[in-house]
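Under the numbering used here, think of the first position of the sequence shown as 1, with each following residue one higher.
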Amino acid sequence: MPAHGSGTARRGRAILSAAGLFISALVLLVAAPGAASAAPQDTGQVEPGEASMGVGVRMHEGGDHTDGTPPGTLAATVHGVDVSGHQGNVSWSTLWSSGVKWAYVKATEGTSYQNEYFTQQYNGSYNVGMIRGAYHFALPDNSSGAAQANYFADHGGGWSKDGKTLPGVLDIEYNPYGSTCYGKSQSAMVSWIKDFTSTYKARTGRDAVIYTTTDWWTQCTGNSGGFGSTNPLWVARYASSPGTLPNGWGFYTFWQYTSTGPTVGDHNLFNGAMDRLQALADG
């Protein structure tokens, strides 16, 4: 009897141990990063160089709750994407086949970062037939607008009248590394943007497109109306409409409507037909 009782106890302990291991494994699976969703989440901890179009939108404006489907109630539009080093080597043929006809590629950030995938992304989009351009992620607390415009123009942000190159973009939005307005007053921010855009115009002959959100623009420039007559607007808003535009612009040129689209997340619409997009590239 004692031997039989001891065996029963051992089997009982083994069953409890196995059950405990199963429960522990289940807890780890549920708690594991990415178990609920494979999509990376913006936590505010962005490493230098990792910023890309919309990073601040997702951090400060409640994330992206769209399903990536293009709005279906608009008139003539042309679909496009924007990419950065985060996407790595992009399948441009897949995007082209899905109807994407233009692209913007991150070239630079501040005055020290260049996108390591720029060549594949910039040339790859061109080679499949897309009209493409480059963008610069601004760090107004890093150096002057002129210094960053020159760095951008020297490292992929130039323009040529080849019918396939769009004017460069100034990505000016929430600071993913610190203070929302980069520690600048509204008037100082407006001056910084003017420094960048005037230098870029002098270097390339083109007025830079300004990518921003209405909320950031209002908060950090005082809703300046001083750029709408010269610089095309690229508005970011993850919703079924672009909403209220920043002061000075009566219409948008580009609209980033989602960060959850197919193949690459950031999908956009050009506000016009293909011939108008071509005209923008031609200058």
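We treat Cβ as the ideally placed atom computed from N, Cα and C, and that holds for glycine.
Every value quoted in this text rests on a predicted model; they were computed, and no experiment measured them.
- Assignment of Tyr104 by DSSP, reduced to helix, strand and coil, places it in the strand class.
- Across the structure, Glu116 and Val190 are spaced so that their CA atoms are roughly 30 Å apart.
- C-alpha of Thr230 to C-alpha of Trp216: approximately 20 Å in a straight line.
- Minimum Cα-Cα distance from Thr263 among the listed residues Tyr177, Ser187, Thr69 and Gly250 corresponds to Thr69.
- With 16 or more neighbouring CB atoms inside 10 Å of its own CB, Gly265 falls in the buried class.
- Note on Pro48: under 16 other CB atoms within 10 angstroms of its CB, so exposed under the neighbour-count rule.
- The closest CA to that of His155, considering only Tyr200, Met130 and Lys184, is found on Tyr200.
- Judged by their CB atoms, Lys106 and Gly85 are nearer to each other than the 9 Å cut-off.
- Cβ neighbours of Asn142 within its own chain (closer than 7 Å, five residues either side excluded): Gly110 and Thr111.
- Beta-bridge analysis with DSSP links Ala236 to Gln256.
- In the three-state scheme derived from DSSP, where H, G and I count as helix and E and B as strand, Thr212 is classed as strand.
- Partner residues in the beta bridge of Ile131, as assigned by DSSP, are Trp102.
- Looking at the backbone, the Cα of Gly158 and that of Phe152 are separated by about 8 Å.
- The Cβ atoms of Leu269 and Thr66 lie no closer than 9 Å to each other.
- Every beta strand (DSSP E) stretch that sits fully inside the stretch 107-186 and reaches 3 residues is listed by chain position as 131-137 and 169-171.
- One alpha carbon belongs to Gly54, the other to Asp195, and they sit about 23 Å apart.
- C-alpha of Gly183 to C-alpha of Gln87: approximately 30 Å in a straight line.
- Secondary structure at Leu245: coil, using DSSP grouped into helix, strand and coil.
- For Trp234, same chain residues with a beta-carbon under 6 Å away, outside a window of 5 residues either side, are Val209, Tyr211 and Phe254 in chain order.
- The beta carbon of Ala51 sits closer than 7 Å to the beta carbons of Glu109, Phe137 and Pro176 from its chain, once the five residues preceding and following it are set aside; these are given in chain order.
- A distance below 9 Å separates the beta carbons of His60 and Thr180.
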